[in-house]
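Residue numbers are given in my numbering: position 183 of the sequence shown equals residue 184, and the series is strictly consecutive.
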Amino acid sequence: MMLDAFTSPYLCVDATGVLVQAAEQCKRAHFWVLVAPGRHALYRYSERHDSRAVDRLLAGYKGYLVADAAAVYNHLYQSGEVIEVGCWAHCRRYFFRALESEPEQARLGLGMIAKLFKIEAKLAEVSRAKRESVRRKESAPVVNAFFRWCDAQAASALDGSPLAAALTYARNQRGGLKRFLEDGRLPLDNNISERALRREAVGRKNWLFVGSNDGARANTIFVSLLASCQMHNIEPQGYLRDLLCLLPSWPRSRVLELAPASWQQTREQPETQRRLAANIFRAVALGEHPKAL
Numbered sequence: 002m003m004l005d006a007f008t009s010p011y012l013c014v015d016a017t018g019v020l021v022q023a024a025e026q027c028k029r030a031h032f033w034v035l036v037a038p039g040r041h042a043l044y045r046y047s048e049r050h051d052s053r054a055v056d057r058l059l060a061g062y063k064g065y066l067v068a069d070a071a072a073v074y075n076h077l078y079q080s081g082e083v084i085e086v087g088c089w090a091h092c093r094r095y096f097f098r099a100l101e102s103e104p105e106q107a108r109l110g111l112g113m114i115a116k117l118f119k120i121e122a123k124l125a126e127v128s129r130a131k132r133e134s135v136r137r138k139e140s141a142p143v144v145n146a147f148f149r150w151c152d153a154q155a156a157s158a159l160d161g162s163p164l165a166a167a168l169t170y171a172r173n174q175r176g177g178l179k180r181f182l183e184d185g186r187l188p189l190d191n192n193i194s195e196r197a198l199r200r201e202a203v204g205r206k207n208w209l210f211v212g213s214n215d216g217a218r219a220n221t222i223f224v225s226l227l228a229s230c231q232m233h234n235i236e237p238q239g240y241l242r243d244l245l246c247l248l249p250s251w252p253r254s255r256v257l258e259l260a261p262a263s264w265q266q267t268r269e270q271p272e273t274q275r276r277l278a279a280n281i282f283r284a285v286a287l288g289e290h291p292k293a294l
């Protein structure tokens with residue numbers, strides 16, 4: 002699934018902390034999510050949130066990467082093989098934080114960002130060519146006006162203020178934030194990976210910590226399958242049951258056919274139906290085998 006995800010035109014990535022049980026007190030580690038929209042939602046675990054973890058996560062990837070402005074990604078962009086795509090939702094949050102202290106300027110910034118999201122809302126179902134055309138005509142002027150305004154405001158913004166932080170973020174991420182104008186396939190924000198990461202964040206509130214590094218890695222394998230099932234509207238319990246019945250005898254070279262992205266088509270194949278019908282464990286699980294009655 003990871004290799005297949007790397008063939009996507011762009012990937013969305015994000016990370017969150019997780020506690021891991023240790024002898025004296027829990028240690029802090031991290032879950033990562035990598036989304037190939039429409040194909041796979043993949044989770045990984047690392048003990049550290051650093052550039053080495055990013056290198057392991059994205060080893061061999063070349064293409065557009067939608068991510069926040071965390072410094073751990075910066076080294077990826079130096080060769081030009083990985084191209085940064087900024088997140089306007091992250092940018093918008095900085096201006097929301099400035100509403101209380103500098104409401105007038107913050108509202109001006111938020112107003113221009115809102116125009117971009119309004120334009121994108123009407124482009125959800127259009128072709129790539131149409132999206133690129135509308136972005137050139139409607140979005141590009143708004144983006145250019147926004148950055149001219151940011152440059153003008155930066156000179157008078159009070160150092161250390163929320164507005165100064167918002168302006169600094171926007172100006173530092175100018176290239177990445179403009180990237181969506183280059184390719185109609187690229188999203189305006191990184192919300193898809195943030196939504197996917199909530200699966201781990203909500204779970205973390207219930208189970209509080211993982212028991213070990215191995216336990217965390219096992220978590221990411223199953224969560225990857227469950228989240229990808231949700232992406233493709235597949236009932237997860239039945240999928241995992243049939244997957245575990247098929248895997249032992251399934252040709253290794255065709256294992257991607259068992260991924261949620263391909264499951265609907267694979268399950269309808271006569272070969273798959275024969276394998277499932279002949280599997281005694283599946284019959285027992287379904288209560289169809291005499292020993293299960």
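The beta-carbon is built from N, C-alpha and C at its ideal position, and this holds for glycine as well. Quick caveat: nothing in here was measured; it's all calculated off a predicted structure.
- Between residue 17 and residue 228, the CB-CB gap reaches or exceeds 9 Å.
- Sequence-distant partners of residue 282 (beyond 5 residues in either direction) whose C-beta falls short of 7 Å from its own C-beta, in its chain, are 246.
- In the structure shown, residue 185 falls within a coil segment according to DSSP collapsed to helix, strand and coil.
- Excluding residues up to 5 positions away in sequence, 36, 67, 191, 193 and 194 lie with their Cβ nearer than 6 Å to the Cβ of residue 13 in the same chain.
- Collapsing the DSSP output to three states places residue 47 in a strand.
- When rounded, the separation of the alpha-carbon atoms in residue 275 and residue 15 is 40 Å.
- The beta carbon of residue 34 is closer than 6 Å to those of 15, 44, 194, 197 and 198 in its chain, skipping five residues each way along the sequence.
- Relative to residue 184, the option among 136, 122 and 211 whose CA is nearest is 136.
- The straight-line gap separating the alpha-carbon atoms of residue 162 and residue 182 is approximately 30 Å.
- Residue 15 has 34 as its beta-bridge partners, per DSSP.
- With a cutoff of 9 Å on beta-carbon distance, residue 240 and residue 271 are scored as not near each other.
- Under the three-state reduction of DSSP output, residue 233 falls in the coil class, being neither helix nor strand.
- Going by C-alpha positions, residue 107 is about 52 Å away from residue 267.
- Counting only runs of 4+ residues, the alpha helix (DSSP H) found wholly inside the segment 199-235 occupies 214-232, in chain order.
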